[in-house]
Amino acid sequence: MTAPDYSTLFAGLGETFQSGKTTDLAWRAAQLSAIERLMAEHEQDFMAALAEDLGKHALEAWSTEIAYVADTASYCRKKLRKWTRRRKVSTPVVGQPGKSWVQPEPLGVVLVIGAWNYPLQLTLSGVAAAISAGNCVVMKPSEMAPATSNAIARLVPEYLDPDCIKVVEGGVPETTALLELPWDHILYTGGGKVARIVMAAAAKHLTPVTLELGGKSPCVVLPDANLDTTAMRIAWGKFTNAGQTCIAPDYILTDAETEKQLLPKLKQAIASMFGDDPGESDSYGRIVNERHFERLLGFVDSGDVAIGGRSDAASRYIEPTVLTNVQADSLVMQEEIFGPILPVLRCDDLDSAIRFIRAGDKPLAAYVFTKDKAAETRFLDRVSSGNACVNDTMMFMAVHELPFGGVGPSGMGAYSGEYGFTTFSHMKAVMRRGWWPDLDLRYAPYTDGKFRLLRKIR
Numbered sequence: 162m163t164a165p166d167y168s169t170l171f172a173g174l175g176e177t178f179q180s181g182k183t184t185d186l187a188w189r190a191a192q193l194s195a196i197e198r199l200m201a202e203h204e205q206d207f208m209a210a211l212a213e214d215l216g217k218h219a220l221e222a223w224s225t226e227i228a229y230v231a232d233t234a235s236y237c238r239k240k241l242r243k244w245t246r247r248r249k250v251s252t253p254v255v256g257q258p259g260k261s262w263v264q265p266e267p268l269g270v271v272l273v274i275g276a277w278n279y280p281l282q283l284t285l286s287g288v289a290a291a292i293s294a295g296n297c298v299v300m301k302p303s304e305m306a307p308a309t310s311n312a313i314a315r316l317v318p319e320y321l322d323p324d325c326i327k328v329v330e331g332g333v334p335e336t337t338a339l340l341e342l343p344w345d346h347i348l349y350t351g352g353g354k355v356a357r358i359v360m361a362a363a364a365k366h367l368t369p370v371t372l373e374l375g376g377k378s379p380c381v382v383l384p385d386a387n388l389d390t391t392a393m394r395i396a397w398g399k400f401t402n403a404g405q406t407c408i409a410p411d412y413i414l415t416d417a418e419t420e421k422q423l424l425p426k427l428k429q430a431i432a433s434m435f436g437d438d439p440g441e442s443d444s445y446g447r448i449v450n451e452r453h454f455e456r457l458l459g460f461v462d463s464g465d466v467a468i469g470g471r472s473d474a475a476s477r478y479i480e481p482t483v484l485t486n487v488q489a490d491s492l493v494m495q496e497e498i499f500g501p502i503l504p505v506l507r508c509d510d511l512d513s514a515i516r517f518i519r520a521g522d523k524p525l526a527a528y529v530f531t532k533d534k535a536a537e538t539r540f541l542d543r544v545s546s547g548n549a550c551v552n553d554t555m556m557f558m559a560v561h562e563l564p565f566g567g568v569g570p571s572g573m574g575a576y577s578g579e580y581g582f583t584t585f586s587h588m589k590a591v592m593r594r595g596w597w598p599d600l601d602l603r604y605a606p607y608t609d610g611k612f613r614l615l616r617k618i619r
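According to the working numbering, the sequence shown holds residues 162 to 619 in order.
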């Protein structure tokens, strides 16, 4: 099979970018409005695709994907003039008379590689950020969510400028071919293994990258927490999209007595959302493919099944499952779970929980449930994570003013709101000098007198 060649596509986008078309604010606003219209006019198409790929209920598909993308595009459009303005900075005495400012400019032609777990959100929200900054964009939706990928490829050209914005479908060969090109920026969302491939390919061209990865996001529950609310919010964060969320709580850390009280409340929370048999609930999703399904089943033996545990291979269904008596060296604790299995590990207190978390890789998210402000502060100060939330899970994603990104093995760089605009922009430093005569001390010959004067006016 002949390897795909995207050099012509890339060159065409480069020519379009050089024409200055994408720098026009009216063009950017029009494209962002088009994304909003696309989401509104084809929400049924996207709902059907997301149901086919992941078993997502229409409400979940709309709120976490369709509306999220539309809101992101709308927010970027409304902030365009503010973000693109020159940002004045002070000019020191030695630069007078003069003016100094930071001037945002687009990078050029960028690549956005989406993920399968939120295949619409994690593709088009990045595209919206790139457009807001004035770039030409190639988006590569995930082949592991084929129905959604096909919907994106079919519908995007009907709404967005095809001279500036392209969709490339496919799997490993197509992605490999795309990575051979000298992009001006790459945004990749996915796992660490592929991220290393992306980064190595980008390094050949000195292409900057933003990597949105994952990790084992801890959830610490302290004894003073409101356990009814805690259980509901953890269950929602963990079992939405059948646990296939990069910022889902990966495991719980709590003391023995709190665990004893929390478990029945978790069971009740799961039942309140999905009924006594989640397999019969249209609100509960399915595992993306057979390989991932089999991988997840391998984790169930890592502890005692306190809640759930049932599965069905034919429908790729795994019941919301909570494990107890889990050891730190068990299989389920060796990698990100990315599914509806929630281990509960015991720790004596907050400090032991913090030590446990700090002994591992820095996660994409970290959660703590407590009424104690001092405990909250200690957790936030001592636990390094890409994002954090106190007394809830995942809800920081609703705040456009917050950056979204990882740290260390959970990723690098950030996007969302203005942070996305900045990621896809070059912040150019500019200084303009007046025509007044310069101070003589600037120029040779250098003398002791000039040196003394320079020290005084510094």
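In this text, a Cβ means the ideal position worked out from N, Cα and C, and glycines have one as well.
Determine the closest residue to residue i out of the options, with distance taken between C-alpha atoms.
| i | options | result |
| --- | --- | --- |
| Phe499 | Arg447, Asp232 and Phe557 | Arg447 |
| His587 | Tyr320, Ala520 and Glu266 | Glu266 |
| Asn486 | Phe585, Ala396 and Leu424 | Leu424 |
| Ser194 | His346, Gly547, Tyr320 and Trp277 | Tyr320 |
| Val230 | Ala209, Leu199 and Thr177 | Leu199 |
| Lys243 | Glu202, Ala605, Arg594 and Phe582 | Phe582 |
| Trp223 | Tyr236, Asp206 and Ser235 | Asp206 |
| Cys297 | Asp509, Gln192, Ser444 and Ile395 | Gln192 |
| Ala409 | Pro501, Pro323 and Asp232 | Pro501 |
| Pro504 | Asp510, Gln495 and Asp512 | Gln495 |
| Lys365 | Asp345, Gln405 and Leu383 | Asp345 |
| Lys182 | Lys217, Trp262, Gly295 and Leu272 | Gly295 |
| Arg315 | His218, Val328, Asp322 and Met305 | Val328 |
| Asp522 | Glu497, Ala605 and Glu197 | Glu497 |
| Thr584 | Lys426, Leu268, Gly256 and Thr184 | Leu268 |
| Thr184 | Phe171, Gly173, Thr245 and Tyr236 | Thr245 |
| Leu383 | Tyr528, Lys399, Ala403 and Leu170 | Tyr528 |
| Leu427 | Cys508, Ile413 and Ala396 | Ala396 |
| Ala403 | Asn548, Gly216 and Ala467 | Gly216 |
| Ala475 | Glu455, Val461 and Val466 | Glu455 |
Nearest-angstrom Cα distance between residue i and residue j?
| i | j | result |
| --- | --- | --- |
| Glu221 | Pro258 | 58 Å |
| Asp473 | Met393 | 25 Å |
| Arg247 | Ser293 | 15 Å |
| Arg452 | Gly275 | 20 Å |
| Arg238 | Ala190 | 5 Å |
| Leu211 | Val449 | 11 Å |
| Ser442 | Asp411 | 23 Å |
| Leu457 | Glu204 | 31 Å |
| Trp262 | Met592 | 6 Å |
| Phe471 | Asp214 | At residue 471 the sequence reads Arg, which differs from the Phe that was named. Taking the straight line joining both Cα atoms gives about 21 Å. |
| Arg357 | Pro323 | 30 Å |
| Ser463 | Asp490 | 9 Å |
| Pro570 | Thr391 | 28 Å |
| Glu480 | Gly469 | 6 Å |
| Thr406 | Lys399 | 8 Å |
| His218 | Leu563 | 27 Å |
| Ala559 | Leu541 | 20 Å |
| Asp416 | Gly375 | 26 Å |
If we count the other Cβ atoms within 10 Å of its Cβ and call it buried at 16 or more, is residue i buried or exposed?
| i | result |
| --- | --- |
| Val333 | exposed |
| Phe612 | exposed |
| Ala187 | exposed |
| Pro302 | buried |
| Val493 | buried |
| Tyr478 | buried |
Excluding the five sequence neighbours on either side, which residues of its own chain have a C-beta within less than 6 Å of the C-beta of residue i, listed in chain order?
| i | result |
| --- | --- |
| Leu614 | Leu602 |
| Tyr445 | Phe435 and Pro439 |
| Met573 | Leu372 |
Apart from the five residues on each side of it in sequence, which residues of its chain come closer than 8 Å, Cβ to Cβ, to residue i?
| i | result |
| --- | --- |
| Met556 | Cys550 |
Examine chain C for any beta-carbon lying closer than 7 Å to the beta-carbon of residue i, and answer yes or no.
| i | result |
| --- | --- |
| Thr169 | Of the protein chains in this structure there is only one, and it is not chain C. |
I'd like to confirm something about residue i: is its beta-carbon nearer than 6 Å to some heavy atom of the ligand SAM, or not?
| i | result |
| --- | --- |
| Ala191 | As far as ligands go, the structure on display features none, and thus does not contain the ligand SAM. |
Which residues in the same chain have their Cβ closer than 7 Å to the Cβ of residue i, if we skip the five residues on either side of it in sequence?
| i | result |
| --- | --- |
| Leu241 | Leu186, Arg189, Ala190 and Ser293 |
| Gln488 | none |
Count the C-beta pairs between the region 279 to 292 and the region 343 to 359 that are closer than 8 Å, then say yes if the count reaches three, no if not. yes
Below 8 Å, can you find three or more Cβ-Cβ pairs linking the region 303 to 310 to the region 287 to 295? no
Three or more C-beta pairs closer than 8 Å, one from the region 373 to 386 and one from the region 512 to 525: is that the case here? yes
With three or more C-beta pairs closer than 8 Å as the rule, is the region 552 to 568 touching the region 384 to 403? yes
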